[in-house]
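Numbering (my numbering), first residue to last: 794 to 1373.
Yeah, the Cβ is synthetic: ideal placement off N, Cα and C, and Gly gets one too.
Since the model is a prediction, treat every value here as computed from it, not as a measurement.
One structure below.
Set out below in structure tokens:
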């Protein structure tokens, strides 16, 4: 419930503090006094986007602050929203909007900075505003399904339907992609198979290229390698007067002399060790030179292999290692292509299963909508009868558009297309709500719709001049209906009709005056004689007489009598599953 609203430097409002109560809170006042500005301020509190044009001329910022008693709303999802936003919750909620001319706008919820998304989520759990613009939404067929589903408390079924459709649509998209791939798979498979065969036949090995280059260079220089190593071996060992022969003589001489001078023993030993090493080297060179020989066939094979590797590298623009990796990738891709038909069949079966589940959810949702539509039709007709529209016929039709397969078109909202039709006069055919010419009739339909659908949804309802186009006894019925609705929810209402104002539990008079050369809006609660005088003015225009005062007092007395005879509207089963 809205407890208090404080507005500062907002349009032509200098500073206002309004205290509200339960029941029916009525605002009256001359056109242009500022009633709509108060509604704009409340809309800002509930999440409307801010513009610095609302700031009072000569001021740097505008402020709007509202205090709510949310003890009845906390169990309807409000606590979870506050918790997710990191905001402490209690039975009181304070929302503050600050709009600065410099463009820095801030939102505070229970003193903590908050986002517009959070504010909007909280706002829709606190208040519903029904203004004249709401009449237009009532005439838009695309809104009718939302209204019916809200009335029927079908939120959980809608979520289940949306999830089932989402899974089906994702699988359908995957299948379409697979089928599209299969059309080009044959040509692609031939190309990939050719590339794979080419690389498989090449049988490339890691590090192979460098090894081949070394082999080719050795084979190209076989003659030189053989000749040089043979000459070296002969010089070291085989020839007469070879190095080993000379070192052998020197070693023997030094060994003999070491008997005379032991100092030479070390030198003799060193030469002997060198001799052993040289003999080993000579043996190696002898074996090497005898093994090395020209091999034109091996040289040609190495060269051809290197040429093949070079061509493949150039063709694919890759290194040897990348070619080996590409072969593995081609094998994987070919396996996937060969698997497309199998995968398509598998996904197609999944699509069929998921579509069946989505269609089953859609059928259940349609059945629930038909049940809700029947109940809504009966309740709306009953409400409109009490609002002076006897014999009215209201119908909520549920149709389906045809899909590509000839059956009903399936969407995330199910099969259905919901439209509201009405016949306001006996004997007339049903017409879409958009074709109702009378603003008064449309206003009463709106009030009937909202009184039926509001029960248990939010704690506060705001009607902004919803009585437009009605007068006389029907205006009194509208006032009574608002009074009845206010017994289940707090109601704020702007009205120009004295018959409606007479039903107020609290009556606020909005006026404007000039102070210090500036126009300002003021709001004062009218009670007793002040209230009688206000309603007298609404009845009699500029001149208030004893007759109009008497008439005003009688209106108030009659409103009290009618209110005491009528009970609050009963709650529908399941109606508490709404917004919260």
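For residue i, does the three-state DSSP call read helix, strand or coil?
i: residue 850; result: coil
i: residue 1271; result: helix
i: residue 1190; result: strand
i: residue 1035; result: coil
i: residue 1326; result: helix
i: residue 1201; result: strand
i: residue 1303; result: strand
i: residue 1225; result: strand
i: residue 1211; result: strand
i: residue 802; result: strand
i: residue 890; result: strand
i: residue 820; result: strand
i: residue 1371; result: Because the pLDDT of residue 1371 is 36, which lies under 50, any placement of that residue in the model is unreliable, and the number read from its coordinates should be weighed accordingly. Residue 1371 falls in the coil class under three-state DSSP.
i: residue 855; result: strand
What are the start and end residues of the alpha helix (DSSP H) that includes residue i?
i: residue 1344; result: 1339-1358
i: residue 1074; result: 1058-1084
i: residue 941; result: 934-944
i: residue 810; result: No alpha helix (DSSP H) contains residue 810, which is instead part of the beta strand (DSSP E) from 806-812.
i: residue 1006; result: 1001-1013
i: residue 1144; result: 1133-1179
Can you tell me which of the options puts its alpha carbon nearest to the alpha carbon of residue i?
i: residue 1089; options: 1118, 1013 and 1298; result: 1013
i: residue 1093; options: 1009, 1070, 906 and 1107; result: 1009
i: residue 1101; options: 901, 1057, 1186 and 992; result: 992
i: residue 1172; options: 1240, 975 and 1004; result: 1240
i: residue 1091; options: 897, 948, 1007 and 987; result: 1007
i: residue 1058; options: 1066, 1047 and 911; result: 1047
i: residue 1044; options: 1024, 1066 and 1304; result: 1066
i: residue 999; options: 1118, 964, 1123 and 1198; result: 1118
i: residue 1326; options: 814, 821, 815 and 797; result: 821
i: residue 865; options: 826, 815, 846 and 896; result: 815
i: residue 1071; options: 1030, 1087 and 944; result: 1030
i: residue 1128; options: 931, 995 and 985; result: 985
Would you mind sorting residue i into buried or exposed? The rule is 16 or more other CB atoms within 10 Å of its CB.
i: residue 1292; result: buried
i: residue 1363; result: With a pLDDT of 48 at residue 1363, under the threshold of 50, the predicted position of this residue should be treated as unreliable, though the coordinate-derived value follows. Result: exposed.
i: residue 1026; result: buried
i: residue 1077; result: exposed
i: residue 808; result: exposed
i: residue 1366; result: Its pLDDT being 46, under 50, residue 1366 is placed unreliably by the model, and the measurement read from it follows with that caveat. Exposed, because fewer than 16 other Cβ atoms sit within 10 Å of the Cβ of residue 1366.
i: residue 1431; result: Here the chain covers residues 794 to 1373 and nothing more, so residue 1431 does not appear.
i: residue 933; result: exposed
i: residue 818; result: buried
i: residue 1110; result: exposed
i: residue 846; result: exposed
i: residue 1251; result: buried
i: residue 1269; result: buried
i: residue 1283; result: buried
Identify the continuous beta strand (DSSP E) that holds residue i and give its terminal residues.
i: residue 1312; result: 1311-1319
i: residue 1386; result: The structure shown does not extend to residue 1386, since the chain is modelled only from 794 to 1373, so the question has no answer here.
i: residue 922; result: 920-923
Is the beta carbon of residue i within less than 8 angstroms of some heavy atom of the ligand ADP?
i: residue 892; result: This structure lacks the ligand ADP, and indeed carries no ligand of any kind.
contact_flag[the region 885-896, the region 851-864] where n(CB pairs < 8 angstroms) is 3 or more: yes
Three or more C-beta pairs below 8 angstroms linking the region 953-965 and the region 1198-1206: Below 8 angstroms, enough C-beta pairs join the region 953-965 and the region 1198-1206 to call them touching: three or more.
The region 828-842 contacting the region 803-820, beta-carbon criterion three pairs below 8 angstroms: yes
Contact the region 1148-1164 vs the region 898-905: 3+ CB pairs below 8 angstroms: no
Inter-stretch contact (C-beta, 8 angstroms, three-pair minimum) for the region 1267-1280 and the region 1309-1327: Touching, no, given that fewer than three Cβ pairs across the two stretches are closer than 8 angstroms.
The region 1212-1224 contacting the region 1255-1268, beta-carbon criterion three pairs below 8 angstroms: no
contact_flag[the region 1170-1190, the region 905-923] where n(CB pairs < 8 angstroms) is 3 or more: no
Validate contact between the region 1134-1145 and the region 963-970 using beta carbons, cut 8 angstroms, 3 pairs: Taking a cut-off of 8 angstroms on C-beta distances, the region 1134-1145 touches the region 963-970, as three or more cross pairs fall below it.
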